[in-house]
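Trainee: To convert, note that position 188 of the sequence shown is 187 in numbering that gives the first Met the number 0; the numbers rise steadily by one, no gaps.
Idealized CB from N, CA, C, for every residue including glycine.
Model, not experiment: these values are computed from the prediction.
Quick one: structure below, then a few questions.
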Amino acid sequence: MSEETAIISDCTYSFPTPEFPFYHSTVTWEDIEGELEVTEVRVDGEKTRDFQVFHESGESYDKVLEQGVNPEVVTRVDWENDESYTLEFVLEDSSGNEHTKKVRKKAPSHGGYWDSNWSYYAGAVLSEPAGLDRNGEPVHVTVNVYEDRVNDPDEIRVVEIDPETGVPEEVPSQVYGADTWNVSDLVEQEPFRYQPTTTLEIVFPADVSPENEKVYLLFYGNSGAGPENYSTDLQVESEGAETIQNDYYSMKLAEESGFINEITMKQGLNSKLDHGMEPPGTVHWNPGIYAPPRVWSHASDWSPPGNSWGLDGDLMSIRKYWGEMPFDVDQASASVTYKFYANVPYVIVSTIIKIDEEIAVKAIRNGEFVFRRELFDEFRWQDNRGKKGNLKLDEARPHPSPAVRLAPDIPWLAFVNNEEGYGYGSIPLDYMNASFDGRPPRTTQSHFYVEVGPWVYWCRPIVNTFVTNNPQRMVKVPDGIMYLERTAYMGFPLHRQGGTKILETYQKRLSNPLELVELHMDTDSRVPEKWVQGIISEEFQELPPDEVFRPDQE
C-alpha cells in the first residue's frame, strides 16, 4: 500500500465543547483506499491515548478510516493561542503495514488553553434539564486525581468556557473536602491496578441557559498557586451565638445546639422571625421523638450535640451536628446538616433519624419550623396536582387539632404575613424511610400538618398517634430503621418577585438541579494499554485474552 492511501485534507483546533469537553484538534481525511486503522497518535512527538475516529454515521470504535467517506480524528490537544503543533498518525493497513501521516498547523489567536501554569484539568459538562435559566446555581463536583498531580487543594481553579466564543473565565470555587488514598504496599506490588489518589469535593456557581449544556474546566497541578479569595456575600460572625448571613437573610444559631434560632429576612424587608417561647425556643426543632414516659426529645434540645463539625468558605458554610437523641432517648440517634450558600435565598437542611434499638413511641417527627403566632396571618401551599390552597390563621382549627393535613411530599408550603409583606417557606426535596434488614420501615400517617396555638408550626410526622383522636396508642419501631429528608427553607417578599411564585420557581429548580453529564480527564501514561480485569471470585473471560493486561506477560 502506497503513502497515498489517505490524505489529510484539513486540521482545525477547537475549545472545549459539551461533545468534546477538552481542548482538541479535528483532522479530516480524504482519498482513502482500503481500510486503515489509526493505531497511534502523537502530538509534538508525545504519544496520546485520547483520540476518537468519526464517520458520518458516528464514532468508529475500532478506529478505522473507511474508504468512501471523509472521516475525522478528534484528538485532545491542549493548544495555546498562536502556537503551532505537529500531529502524527500511525496507520495500519489490512496487511499489517504501518504508514505515518503528519500535519503541522498553527492554532487560532483566541480560545486556547486557559493558563499554562496549571498542568491538568477535568472537563465537566453541565446540562440544564427543566427549561429554566440558571444563574449562579451552586454545583457540587467530586473529582478523583492522581496524588502526584495535585500539590494542594488551594491550587484548584474552575473556569467557565463561553459556548459561543470559547473565551475562558475563572469563576469562584471552593474545595470543601480533600483526602488521599495511598497504601504503599499495594501500589508497589501492583502499580497497574493501584495509584495514590486524591479526592476533591468542589462547589462553584454555574450559569447555564434553558435546556442547554456548558463546559466548566477544573484546573489543578500548579504548585505555585496559593488560595484565591473570592468576594461574595456569605459572611460568618462567630462571637457568641454564630450568625451566618448573605444578601437574602441573616440566621442566628443557638449557642447550645447550633440549630437555627432566629431569622432576619433582608431583601428590603428587615423582618425578624423567631420563636423564643417553649424551650428550647429555636425556630428549627426537629428531628423529634415522643416516647413517654420520657419527655419530648427534639434534636434542638442538644446542649451541646454529641458531635459537631463545620467549615466556612467564600461560597458555602456547613454546620453538622449528630449524636444520641436528648433526654435519655438513647435508642435513637440523629444528624442535622445545614448548608448555607452565597448569593442564593435558601438554606438546605438534611436530617437523619436512626433507630438504634427498638423503641415504643407516640410520635417521630421531622421538618418542623416553629414561629411566634403574631408573625403570620395565613398559611399557603401547593399540592401534587398543582392546586394551591390557603388558610387564614384566625379562621383555622385551633390547637391541639391540626389546622390542615397535607401529603408528605407536596411541592411547597409557607406561612405569610399579608400586612407586612413577607413569607417563609419550605420546599421538600427528598425524603426516604428505609430499613437496614429489608423489613418495611415503620410509618403511620406520614403527612404534613399545621398547628395554630400560641405559636404556629408545620411538621412532617413519620409515626404519629399523639396528634390524633386516639392518642394513647404506643407504636413499636424496630431497630435498624432510618428516616431521611432534605429540604430547602427560604424567606421571600410577598408583594414583590411574584410572591409565592418564587417558591414554585425554586421548587422546580432545586428538584431538577443542573446535571453533571460528563467529567472528562486525560488518560495518564501509567494506565496499561490493555484492560485490567477486576478481581473476581472466579475466572471469567470478559474480553479476548490478547486484549487483557497480564503483568507476567508485560
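Which value, in whole angstroms, describes the spacing of the CA atoms of E254 and E241?
Mentor: Each residue's alpha carbon lies about 7 Å from the other.
Trainee: If you draw a straight line from the alpha carbon of E32 to that of S24, how long is it in whole angstroms?
Mentor: In a straight line, the C-alpha of E32 is about 24 Å away from that of S24.
Trainee: How long is the line joining the alpha carbons of N416 and G220, rounded to whole angstroms?
Mentor: Distance between the alpha carbons of N416 and G220 is about 53 Å.
Trainee: Can you check whether the CB of P407 is closer than 9 Å to the CB of V554?
Mentor: Given a span of 0 to 553 for the chain in the structure shown, any question on residue 554 remains unanswerable.
Trainee: Within its chain, find whatever has a CB closer than 6 Å to the CB of Y119; leave out the 5 residues flanking it on each side and keep chain order.
Mentor: Closer than 6 Å at the Cβ level, and outside the excluded window around Y119, lie R148, Y219 and G220.
Trainee: By how many angstroms is the C-alpha of Y175 removed from the C-alpha of N228?
Mentor: Taking the straight line joining both Cα atoms gives about 14 Å.
Trainee: Does the Cβ-Cβ distance between T198 and L314 come in under 9 Å?
Mentor: Going by C-beta atoms, T198 is not nearer than 9 Å to L314.
Trainee: In the DSSP assignment, the beta strand (DSSP E) including V73 goes from what residue to what residue?
Mentor: Its beta strand (DSSP E) spans residues E71 to R75.
Trainee: Should P543 go down as buried or exposed, given a rule of 16 or more other Cβ atoms within 10 Å for buried?
Mentor: By the 10 Å Cβ count, P543 comes out exposed.
Trainee: Please report how far the alpha carbon of P107 lies from the alpha carbon of T350, in whole angstroms.
Mentor: Going from the Cα of P107 to the Cα of T350 covers about 52 Å.
Trainee: Are the Cβ atoms of R404 and V455 separated by less than 9 Å?
Mentor: Not in contact: R404 and V455 (Cβ atoms no closer than 9 Å).
Trainee: For E210, which residues of its own chain have a beta-carbon under 7 Å away from its beta-carbon, when the five flanking residues on both sides are left out?
Mentor: Closer than 7 Å at the Cβ level, and outside the excluded window around E210, lie E127 and G130.
Trainee: Within 10 angstroms of the Cβ of T164, are there 16 or more other Cβ atoms? Answer buried if so, exposed if not.
Mentor: Exposed, by the Cβ-count rule.
Trainee: Hey, which unbroken runs of the beta strand (DSSP E) at 3 residues or more fall wholly within the segment 489-535?
Mentor: Those beta strand (DSSP E) runs which fall completely within the segment 489-535 and span 3+ residues are 514-519.
Trainee: In angstroms, rounded to a whole number, what distance separates the CA positions of P427 and P171?
Mentor: Going from the Cα of P427 to the Cα of P171 covers about 28 Å.
Trainee: In three-state DSSP terms, what is I6?
Mentor: Note: I6 maps to strand in three-state DSSP.
Trainee: Please report the straight-line C-alpha distance between L185 and F539, rounded to a whole angstrom.
Mentor: When rounded, the distance between both Cα atoms is 23 Å.
Trainee: Does the Cβ-Cβ distance between K475 and R441 come in under 9 Å?
Mentor: Yes; because the gap between Cβ atoms is below 9 Å, this pair is in contact.
Trainee: Rounded to the nearest angstrom, how far is the Cβ of K361 from that of T464, given a contact under 8 Å?
Mentor: Confirmed, about 5 Å.
Trainee: Nearest-angstrom Cα distance between Y192 and F548?
Mentor: Reading off the sequence shown, one finds Arg at residue 192, where the question assumed Tyr. One C-alpha to the other measures close to 10 Å.
Trainee: So, at 8 Å on beta carbons, what are the nonlocal neighbours of E189 in its own chain, with the 5 sequence-adjacent residues on each side left out?
Mentor: Same-chain partners within the cutoff: P550.
Trainee: Output needed for V207: all residues of its chain with C-beta closer than 7 Å, excluding positions within five of it in sequence on either side, in chain order.
Mentor: Hits under 7 Å: L125, E127, R133, K213 and L513.
Trainee: Do you know offhand how far K46's Cα is from N181's?
Mentor: Looking at the two C-alpha atoms, the distance is approximately 28 Å.
Trainee: Is it buried or exposed for A433, if we count other Cβ within 10 angstroms and need 16 for buried?
Mentor: By the neighbour-count rule (16 or more Cβ atoms within 10 Å), A433 is not buried but exposed.
Trainee: Tell me the DSSP secondary structure of Q540 in three-state form.
Mentor: If DSSP states are grouped into helix, strand and coil, Q540 belongs with coil.
Trainee: Excluding the 5 residues preceding and the 5 following E3 in the sequence, name in chain order all residues of the same chain whose CB lies nearer than 6 Å to its CB.
Mentor: Since pLDDT at E3 reaches only 47, below the 50 mark, its modelled position is unreliable, and no value is offered.
Trainee: Rounded to the nearest angstrom, how far is the Cβ of L490 from that of Y248, given a contact under 8 Å?
Mentor: In the sequence on display, residue 490 carries Gly and not Leu. Correct: roughly 6 Å between the Cβ atoms.
Trainee: Grouping DSSP H, G and I as helix and E and B as strand, with all else coil, what is V102?
Mentor: Three-state DSSP puts V102 in a strand.
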